[in-house]
Amino acid sequence: MTLYGHPWSINTRKVLVTAAEKGHALTLSFVNLPRGAHKAAAHLALHPFGKVPVLDDDGFVLYETAAIMRYLDEALDGPALWPDDPQARARALQWDRVQQSYFEPPVHGLLVHALFSRHLGFPPDPAVLQAGRAALGQVLDVIEPALRAAPFLAGEGLSLADLTWLPYLEYLTQIGEGAPIEARPGVRAWFERLSSRPSWQAVARTGMQPYDADADADAFAQQAA
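When the letters of the sequence shown are read in order and numbered with the working numbering, they come out as residues 582 to 806.
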């Protein structure tokens, strides 16, 4: 299976860690986002909206991160990452949608302004930073009771719902915005459980050096060789 994406892309990382949890390593085909490769005709033929990631499983081409994650869970051998129990399954879907609807949009803005503004040389917007931090705290307050009651969002077992949050939480800690995670014992313990898993360790350590698109492409090519 080939995954078209970028190693720093949050959604690419969601898919990579899903495959790793199943005991499978995808072949990552580098898409140079800063150079606009995702808008080139060759990539648009795979993803008409010009996004990453895209999965190619022997000619079966699939885009949209959640769809890819569910496909990998069902298509690959390994531990199931979507609950069988109807209530646990509904709970996993609930927390997945909470991440998508209430957590991802403001936190994405926080990450872009706190991290990529630093690397790409434009000043961050204080209003965006403040809004992102406020939204982060509100959402973590909502999931904290669930994570004090159980080790994972859907209960006793790891699910795709947990993996959708993990790349965001990792980046927040790396850019110095991890205090809200540390301040909530349930969230902190959950993040520690997730980030210490071998699957995530295999995916996450790309470094946070100052960003240069050409150097990034060269480094990735050498790493993949």
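Every residue, glycine too, gets a C-beta built ideally from N, C-alpha and C.
Quick caveat: nothing in here was measured; it's all calculated off a predicted structure.
Measure the Cβ-Cβ separation of residue i and residue j and say whether it is below 7 Å.
{"i": "A673", "j": "S777", "result": "no"}
{"i": "L710", "j": "H694", "result": "yes"}
{"i": "I591", "j": "P732", "result": "no"}
{"i": "V784", "j": "L584", "result": "no"}
{"i": "D666", "j": "A742", "result": "no"}
{"i": "L627", "j": "V635", "result": "yes"}
{"i": "W589", "j": "Q680", "result": "no"}
{"i": "A669", "j": "G736", "result": "yes"}
{"i": "L753", "j": "F772", "result": "no"}
Assuming residue i is part of the alpha helix (DSSP H), what are its boundary residues?
{"i": "G767", "result": "766 to 776"}
{"i": "Y652", "result": "646 to 656"}
{"i": "D677", "result": "667 to 679"}
{"i": "D743", "result": "741 to 755"}
{"i": "V688", "result": "685 to 692"}
{"i": "L721", "result": "707 to 730"}
{"i": "K595", "result": "591 to 602"}
{"i": "E763", "result": "760 to 763"}
{"i": "L625", "result": "622 to 625"}
{"i": "A695", "result": "Per DSSP, A695 belongs to no alpha helix (DSSP H) and is neither H nor E."}
{"i": "A783", "result": "779 to 785"}
Please work out which residues of its chain come closer than 6 Å, Cβ to Cβ, to residue i, disregarding the five sequence neighbours upstream and downstream, and give them in chain order.
{"i": "M582", "result": "L607, D638"}
{"i": "P761", "result": "L717, G718, L721"}
{"i": "R594", "result": "P748, V784"}
{"i": "L609", "result": "L584"}
{"i": "Y683", "result": "V720"}
{"i": "L614", "result": "H587"}
{"i": "G759", "result": "L753"}
Can you tell me the Cβ-Cβ gap for residue i and residue j, rounded? I've got them flagged as a contact below 8 Å.
{"i": "G757", "j": "R729", "result": "That pair is no contact at about 25 Å."}
{"i": "D654", "j": "L662", "result": "4 Å"}
{"i": "G738", "j": "P629", "result": "Not really, about 35 Å apart at Cβ, beyond 8 Å."}
Comparing C-alpha positions only, which one of the options sits nearest to residue i?
{"i": "L734", "options": "G617, E763, R774", "result": "R774"}
{"i": "A727", "options": "Q675, G702, P705, G640", "result": "Q675"}
{"i": "S780", "options": "P660, D706, A622", "result": "P660"}
{"i": "L744", "options": "E645, M650, F641", "result": "M650"}
{"i": "E685", "options": "D706, A715, Y652", "result": "A715"}
{"i": "E645", "options": "Q782, G586, P705", "result": "G586"}
Who are the near neighbours of residue i in its chain, counting only those whose CB is closer than 8 Å to its CB and skipping five residues on each side?
{"i": "L657", "result": "A600, K603, G604, H605"}
{"i": "A618", "result": "V612, H624"}
Note down, in chain order, each residue of its chain lying with its Cβ closer than 7 Å to the Cβ of residue i, except the 5 sequence neighbours on either side.
{"i": "E763", "result": "R769"}
{"i": "G713", "result": "P687, V688, G690, L691"}
{"i": "R765", "result": "L721, E725"}
{"i": "G631", "result": "H619, K620, H624, L625"}
What residue does the beta strand (DSSP E) around residue i start on, and which one ends it?
{"i": "G586", "result": "583 to 586"}
{"i": "D637", "result": "635 to 638"}
{"i": "S610", "result": "608 to 611"}
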